[in-house]
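Structure, as structure tokens:
Residue numbers (UniProt numbering): 1 to 374.
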């Protein structure tokens, strides 16, 4: 590019150090020669100044309503002042803001991280008619606001919902520390789960693992509310002393999660989720992270997940409600260390050669360059 084009990433929901937004997209765009700003909630750590990405902090509201009103309005005013060539936003609640920012001189990109419509339909705390009505209204609203926007999709199956969107998948960056790290000898009787700790992400099923296998410890590393942590300990009953949660009421940065992968010779990375329409169709980001670190996976046997695990030979799938199957999978990895090590190596190789951010980074830069040369 002859002149630096200004790019502004916008979020009121995600942490300023969000792996996809900051570590992947913002840093890749900065490296490609763009002038990159990030408007995101304030944090004590701030954003790494050496990256050259300019972080404009906005107040972090604990109330969702305040965040969607006061927070969104503050973000809009800051973004408007920057007069960017490209606005790239990451939260559905910012659809009206992004619509206001769009003009004939710029481009607006909606980065779709989740299948929000399906997510609304499975909120069981709401009556079914309310869920259906909310999903229908959201779909109409999304169609209206995004008419003149570009869509970027973080997951393959979103293409079924948004056929005009471009996939920039949330694959991991190849970590050089993982390249050097070799899984030697028998694994420890430790299981790891990384990411936000919620019921639809298997938190309650994972809490039962120390009851299923009397040898293992279950380690959660990710943001978890204090109320949720207490429920996890309650489910584990007299084995609660073999549950460890890092991230109670706090965000765990990417660097700390990556270090956790290296701290132990983990028996497996787990993703034993209950059946939900959204997750059954989705290739989890944590799959790629476990594979990147050379850790075998134990996950639910949903058809999409089973096909993925079978393709890359990187783990074992189980019926999430069959305790004997889960126990057998744990025993297999424990009693077959060579096979377990090979699963880890298979996963690591797949990430190094195919499933990595380097390939997706090229797609992202090409999308930007195409837009700016229109």
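Here a beta-carbon is modelled for each residue, glycine too, at the ideal position from N, C-alpha and C.
Can you tell me whether residue i is buried or exposed, with buried defined as 16 or more other CB within 10 angstroms of its CB?
i	result
residue 350	buried
residue 298	buried
residue 322	exposed
residue 300	buried
residue 234	exposed
residue 1	At residue 1 the pLDDT is 47, less than 50, meaning the model places this residue with poor confidence; the figure from the coordinates comes in the next sentence. Exposed is the call here.
residue 258	buried
residue 331	exposed
residue 185	exposed
residue 88	buried
residue 50	exposed
residue 239	buried
residue 17	buried
residue 311	exposed
residue 141	exposed
residue 283	buried
residue 176	exposed
residue 328	exposed
residue 158	buried
residue 368	buried
residue 417	The structure shown has nothing for residue 417, since the chain only spans 1 to 374.
residue 128	exposed
residue 256	exposed
Within the same chain, show all residues whose beta-carbon is closer than 7 angstroms to that of residue i, passing over the 5 residues directly before and after it, in chain order.
i	result
residue 72	12, 93, 94, 97
residue 118	277, 278
residue 343	296, 313, 314, 315
residue 120	131, 134, 135, 138
residue 288	171, 172, 351, 355
residue 4	33, 34, 35
residue 123	131
residue 285	170
For residue i and residue j, what's the separation of their Cα atoms in angstroms?
i	j	result
residue 373	residue 39	25 angstroms
residue 363	residue 33	15 angstroms
residue 86	residue 254	26 angstroms
residue 145	residue 99	6 angstroms
residue 262	residue 325	28 angstroms
residue 309	residue 75	41 angstroms
residue 178	residue 294	7 angstroms
residue 376	residue 22	The question about residue 376 has no answer here: the residues shown for the chain are numbered 1 through 374.
residue 275	residue 149	33 angstroms
residue 306	residue 70	44 angstroms
residue 80	residue 101	7 angstroms
residue 292	residue 346	10 angstroms
residue 162	residue 214	46 angstroms
residue 228	residue 220	12 angstroms
residue 180	residue 348	11 angstroms
residue 77	residue 104	19 angstroms
residue 273	residue 126	21 angstroms
residue 143	residue 371	21 angstroms
residue 245	residue 147	43 angstroms
residue 9	residue 41	12 angstroms
residue 115	residue 67	21 angstroms
residue 334	residue 182	17 angstroms
residue 198	residue 341	29 angstroms
residue 218	residue 353	30 angstroms
residue 318	residue 82	50 angstroms
CB-CB under 6 angstroms to residue i, same chain, minus the five flanking residues each way: which ones, in chain order?
i	result
residue 15	251
residue 304	281
residue 36	7, 26, 29, 30, 53
residue 223	196, 247, 251
residue 290	269, 297
residue 207	232, 235, 236
residue 302	280
residue 19	254
residue 152	109, 111, 166, 168
residue 226	248, 249
residue 200	276
Just confirm the distance between the C-beta atoms of residue i and residue j, as a whole number of angstroms; I'd bet it's less than 8 angstroms.
i	j	result
residue 392	residue 173	Residue 392 cannot be examined here, being either before or after the span of the chain that is shown, 1 to 374.
residue 320	residue 205	6 angstroms
residue 112	residue 84	Actually they are not in contact, since the Cβ atoms of residue 112 and residue 84 sit about 20 angstroms apart, beyond 8 angstroms.
residue 271	residue 202	6 angstroms
Quick one: residues in its chain with C-beta nearer than 8 angstroms to the C-beta of residue i, no 5 flanking neighbours on either side, listed in chain order?
i	result
residue 337	185, 186, 187
residue 216	189, 190, 191, 209, 210, 242, 267, 330
residue 357	24, 28, 171, 172, 173, 174
residue 156	167, 169, 283
residue 58	12, 39, 40, 41, 42, 71, 74, 75, 78
Taking only heavy atoms of the ligand PLP into account, decide whether any of them is closer than 8 angstroms to the Cβ of residue i.
i	result
residue 368	With respect to the ligand PLP, the structure shown offers nothing to examine, as it has no ligands at all.
Between the segment 161-175 and the segment 188-197, do three or more beta carbon pairs fall short of 8 angstroms? Three or more Cβ pairs closer than 8 angstroms define a contact, and the segment 161-175 falls short of that threshold against the segment 188-197.
Quick check: the segment 60-69 against the segment 102-111, are at least 3 beta-carbon pairs closer than 8 angstroms? Short answer: they don't touch.
Three or more C-beta pairs below 8 angstroms linking the segment 22-37 and the segment 355-371: The segment 22-37 vs the segment 355-371: in contact.
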